[in-house]
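Undergrad: Please read through the structure below; I'll follow up with questions.
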Amino acid sequence: MDAALWVAVIALAAVFIPSGFVHAVRGKKRSIELGQEWANDFTDQQIRLIGAAEIVGSLAVVVFPIIGFIPWVVPIAAAGLMVIGAGAAFVHIRRGDPLANTTVPALLAVIALIVFVGRIGEFSLGN
């Protein structure tokens with residue numbers, strides 16, 4: 000089970016870190032240039048904050064289990080990534096975007112939920 004959780008964590012990091020970098024460092028203008036029209040609904044500061052949360056959450060679910068430090072941070076970070084993914088799916092649904100735009104963030108929210116449950120359950124780092 001631990002291997003499956005690591006696959007899930009790596010998948011989250013592989014998506015959220017590059018996305019977070021674009022949002023946090025490049026901001027609203029670059030997000031829109033990349034075709035992320037949802038960015039028109041938010042301020043530059045909000046997009047940068049979302050990006051920072053994506054990066055911090057991704058690093059937390061990867062780094063904290065490796066160093067074995069403060070294991071309760073991992074499920075909290077996974078819950079935060081779950082909220083980001085679900086929020087993104089909600090924004091796409093609200094905007095009437097194509098299903099493909101909604102599916103990826105919803106899937107990321109489900110993966111983050113799996114990491115959350117796995118890290119607080121029987122296979123958590125604290126056991």
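Each residue of the sequence shown is one higher than the last, beginning at 0 in numbering that gives the first Met the number 0. Quick reminder that beta carbons are idealized off the backbone N, C-alpha and C, glycines included.
Ignore the nearest five residues each way along the sequence and tell me which others in A10's own chain have a CB closer than 7 Å to its CB.
TA: Residue numbering aside, residue 10 sits at position 11 when the sequence shown is read from its first letter. I110, listed in sequence order.
Undergrad: Between L33, D1 and G19, which has its C-alpha nearest L48's C-alpha?
TA: Within the sequence shown, the letter at position 49 stands for residue 48. For the residues L33, D1 and G19, the minimum Cα distance to L48 belongs to G19.
Undergrad: What residues in its chain sit with their C-beta under 7 Å from that of G79, if we drop five residues either side in the sequence?
TA: In the sequence shown, counting from the first residue as 1, residue 79 sits at position 80. Within the same chain, G79 has close Cβ partners A52 and G56.
Undergrad: Does F20 come out as helix, strand or coil in the three-state DSSP assignment?
TA: The count along the sequence shown starts at 1 and reaches residue 20 at position 21. Residue state, collapsed to three classes: helix.
Undergrad: Going by DSSP, what residue range makes up the alpha helix (DSSP H) through I65?
TA: Your numbering for residue 65 matches position 66 in the sequence shown. Segment D43 to I66, the alpha helix (DSSP H) holding I65.
Undergrad: Would you check if there are 3 or more beta carbon pairs closer than 8 Å linking the region 14 to 28 to the region 36 to 48?
TA: These segments touch.
Undergrad: Between L4 and V114, how many whole angstroms is the CB-CB distance? I'm expecting something under 8 Å.
TA: The residue given as residue 4 occupies position 5 in the sequence shown. The residue given as residue 114 occupies position 115 in the sequence shown. Rounded, the Cβ-Cβ distance is 6 Å, consistent with contact.
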